[in-house]
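Q:
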Amino acid sequence: MEFRGITYKDEMITDQATLQRLPPDLKNFYREINGLVAYQGGLHIRGCVKDPSWHSLRRVWSDDWALHRKFATLTEHDVPFAQDCLGDQYFWRLGTIWRLYWDDGEVEDLELELYDFFDEVHLDPIDFLDLEPLVYYLEQGKTLSPGFLLRSDPPLSIDAEHYEFMPVSIEDFLTDQVLPSL
1 MEFRGITYKD EMITDQATLQ RLPPDLKNFY REINGLVAYQ GGLHIRGCVK
51 DPSWHSLRRV WSDDWALHRK FATLTEHDVP FAQDCLGDQY FWRLGTIWRL
101 YWDDGEVEDL ELELYDFFDE VHLDPIDFLD LEPLVYYLEQ GKTLSPGFLL
151 RSDPPLSIDA EHYEFMPVSI EDFLTDQVLP SL
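Right under this line is the structure:
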């Protein structure tokens, strides 16, 4: 499996407990690739690691940043293994990949198994992951560092003539400091 535009890759599994909790298809993936940031920041696949905290799957699955505590549309059994550059979450639920839209908390069943999801990402990451805001940001000569996402002002769920995109640390993004109003 090949990802382009990698800006961060973590090969060492330091959180065996999280790895052991994963369903078989995710566990096999993580043994091959223990998380990375690809497409110049467009896709962050979390790792089975303790540090850095922004990269830890455990933090958003079951610890202090657990997404199922922030969004009623998620359960503790959903595995939020990835996110895009705007914070939309990709999670494994009962064998298929789902997307949680950060701005409104809505979820969508992508009706794809894990490796089919990665195939779609690979074929057209800009369209499939809705990376147009990242392309715009990068075309301005800016870069998105590992550990950061883009925050849109106003949120993209609000119809506006112009949007500003600012980098924000994943830690700040996932805490109540920039949580959307649901």
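Note that the working numbering has the sequence shown beginning at 1, numbered continuously upward. Don't be surprised by glycine CBs; every beta carbon is placed ideally from N, CA and C.
Under three-state DSSP, which class holds Thr-18?
A: In this structure, Thr-18 counts as helix in the three-state DSSP scheme.
Q: Pull up the DSSP beta-bridge partners for Trp-98, would you.
A: BP columns for Trp-98 point to Phe-91 and Asp-109.
Q: Give me the DSSP bridge partner(s) of Tyr-8.
A: In DSSP, Tyr-8 forms a bridge with Val-37.
Q: Excluding the five sequence neighbours on either side, which residues of its own chain have a C-beta within less than 8 angstroms of the C-beta of Asp-23, listed in chain order?
A: Residue identity check: residue 23 is Pro in the sequence provided, not Asp. The residues are Val-79, Trp-92 and Gly-95.
Q: If you reduce the DSSP assignment to three classes, tell me which class Gly-116 lands in.
A: Checking the sequence, you will find Asp at residue 116 rather than Gly. In the structure shown, Asp-116 sits in a helix (DSSP, three-state: H, G or I).
Q: Tell me which residue opens and which closes the alpha helix (DSSP H) that Leu-57 is part of.
A: Looking at the DSSP string, the run of the alpha helix (DSSP H) that includes Leu-57 is 57-61.
Q: For a minimum of 4 consecutive residues, which ranges assigned as the alpha helix (DSSP H) are wholly contained in the stretch 116-150?
A: Correct list: 125-128 and 132-139.
Q: Relative to the C-alpha of Asp-212, which candidate in Phe-117, Pro-155, Tyr-101 and Leu-100 has its C-alpha closest?
A: Summary: the structure shown does not reach residue 212, with the chain confined to residues 1 through 182, and so no result is reported for it.
Q: When you compare only the Cα positions, how much space is there between Glu-2 and Phe-71?
A: Distance between the alpha carbons of Glu-2 and Phe-71: 32 angstroms.
Q: Just how far apart, CA to CA, sit Thr-187 and Leu-149?
A: The displayed coordinates of the chain run from 1 to 182. Any statement about residue 187 would go beyond what the structure contains.
Q: What residue from Arg-58, Ile-6, Gly-35 and Asp-103 has the CA that sits closest to Ile-158's CA?
A: Checked all of Arg-58, Ile-6, Gly-35 and Asp-103; the closest Cα to Ile-158 is Asp-103.
Q: Using the C-alpha atoms, what's the distance from Phe-165 back to Lys-9?
A: Cα-Cα distance, rounded: 25 angstroms.
Q: Run the CB neighbour count on Leu-182, radius 10 Å, all protein chains shown included, and call it buried at 16 or more, exposed below.
A: With a pLDDT of only 44 at Leu-182, under the threshold of 50, the placement of this residue in the model should not be trusted; the figure read from the coordinates follows. Flag for Leu-182 reads exposed.
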